[in-house]
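Residue numbers (the working numbering), protein chains in the order written: chain A, 981 to 1127; chain B, 981 to 1127.
Each residue gets a CB set at the ideal place from its N, CA and C atoms; glycine is no exception.
Presented below is the structure to which this report refers.
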DNA sequence: ATACAATCTAAACTTTGGTTTAGGTCAAGT
DNA sequence: ACTTGACCTAAACCAAAGTTTAGATTGTAT
């Protein structure tokens, strides 16, 4: 497979694939005699994990670190395992943050639905916390815990 | 409250707060005669939603759009409501992606735990899909659905 | 042999979201 | 009045993650 096909398959642009290669994320990709990249299944598998780490917030330089460890062999197994433990933590933190955001978002939906019904924001803006429906008050309070 | 106190409260740096102000995210902040920003509770509330939108992936320019709508009054209620519907979708998509990533991460944890036990990656690398434990094979397959 | 699409590199450019710097002002306490 | 810490602006700077450009090469099909 050449770079165009890989681009279509993965959804990464051709220039991004070359950028990743240049920055050491795609290690030992084969080349034709003429210098054209020839991707195989192992490269696709590497891309799968690159995309996974990338979309879960890891930086290019950290992914490169992982790929370097992979190339270095069995002495780095522990580092790689720990990286995956750490990344699980990172992802769970991100999900928590998103779920917290969701609460404020849903509160605001309720708020603007009320404003829409009234044709004006005025009433709902002046409303007292006690007058919110219970579930909405709960959302509001959970979204305002921190400060 | 002045900018230093707000910075401590929100966790945003002073320069970030000034940057947000400059880019129209903090609308009509009061100033002392000398030109010093004086924040009140409504500004804190605005910051809460700014931080919520920001951490859930919205761009500064989009948040500014929302703030402009807020300033424009009741004619923009519908736009604001729709923005919150859209942002809910965005967040749910992000959570889905993170959960998908988690599957590959957990598969890799299993993989490297096996490698660690063996002292080498070799055995687990050569292992057949059928030899994976059922739950692990499931993780693997779910992480490889797309391509 | 020629045309043509696909590929290659290096280097410049772009965007986003800030941070840093330089050179001032403000305002509270002494 | 004077010091001092907190604040101000404008402008330059920065890093990350690509994208674009320009000019050259590859390799397949006619």
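- Take residue 1051 of chain B, set aside five residues on each side of it, and the residues of its chain with a beta-carbon closer than 6 Å to its own are 1007, in chain order.
- For residue 1099 of chain A, the chain B residues whose C-beta falls within less than 9 Å of its own C-beta are 1054, 1057, listed in chain order.
- For residue 1089 of chain B, the uninterrupted alpha helix (DSSP H) run begins and ends at 1057 to 1098, by DSSP.
- Assignment of residue 1108 of chain B by DSSP, reduced to helix, strand and coil, places it in the coil class.
- With fewer than 16 other Cβ atoms from the protein chains shown falling within 10 Å of its own Cβ, residue 1011 of chain B counts as exposed.
- Take residue 1083 of chain B, set aside five residues on each side of it, and the residues of its chain with a beta-carbon closer than 7 Å to its own are 1119, 1122, 1123, in chain order.
- In the DSSP assignment, residue 1046 of chain A falls within the alpha helix (DSSP H) that extends over 1040 to 1052.
- Between the region 1013 to 1029 of chain B and the region 986 to 1000 of chain B there are three or more inter-stretch CB-CB distances shorter than 8 Å, so the stretches are counted as touching.
- At a C-beta separation below 8 Å, residue 1121 of chain A has no neighbours in chain B, since its nearest C-beta there lies roughly 13 Å away.
- Annotation: residue 1066 of chain B to residue 1034 of chain B spans about 14 Å, alpha carbon to alpha carbon.
- If you compare the alpha carbons of A:1104, A:1062, A:1093, A:1099 with that of residue 1085 of chain B, the shortest gap goes to A:1062.
- Residues of chain A with a Cβ closer than 8 Å to the Cβ of residue 1029 of chain B are, in chain order, 1084, 1088.
- At least one CB of chain B lies nearer than 9 Å to the CB of residue 1065 of chain A.
- Residue 986 of chain A counts as buried, since no fewer than 16 other beta carbons sit within 10 angstroms of its beta carbon.
- By the Cβ neighbour-count rule, residue 1036 of chain B is buried, with 16 or more other Cβ atoms within 10 Å of its own.
- Look at residue 1008 of chain B here: in three-state DSSP terms it is coil, with no helix or strand label.
- For the options B:1101, B:1028, B:982, the alpha carbon positioned closest to that of residue 1015 of chain B is the one of B:982.
- By the rule that beta-carbons nearer than 9 Å mark a contact, residue 1040 of chain A does not touch chain B.
- Among the CB atoms of chain B, one or more fall inside 9 Å of the CB of residue 1072 of chain A.
- Only residues of its own chain outside the window of five on either side were considered, and among them 1104 have a CB closer than 6 Å to the CB of residue 1094 of chain B, listed in chain order.
- Not flagged as an interface residue toward chain B: residue 1018 of chain A, since no C-beta distance is shorter than 9 Å.
- Within chain A, the residues whose beta carbon sits less than 8 Å from that of residue 1093 of chain B are 1061, listed in sequence order.
- Secondary-structure assignment with DSSP links residue 1017 of chain A through a beta bridge to A:1011.
- The Cβ atoms of residue 1096 of chain A and residue 1048 of chain B do not sit closer than 9 Å to each other.
- Distance between residue 1098 of chain A and residue 994 of chain B, taken at the CA atoms: about 38 Å.
- Taking 9 Å as the CB threshold, residue 996 of chain B stays off the interface with chain A.
- With 16 or more other CB atoms across the displayed protein chains lying within 10 angstroms of its CB, residue 997 of chain B is buried.
- The alpha carbon of residue 1055 of chain A has as its nearest neighbour, out of B:1004, B:1013, B:1078, B:1101, the alpha carbon of B:1101.
- Bounds of the alpha helix (DSSP H) holding residue 1119 of chain A are 1114 to 1123.
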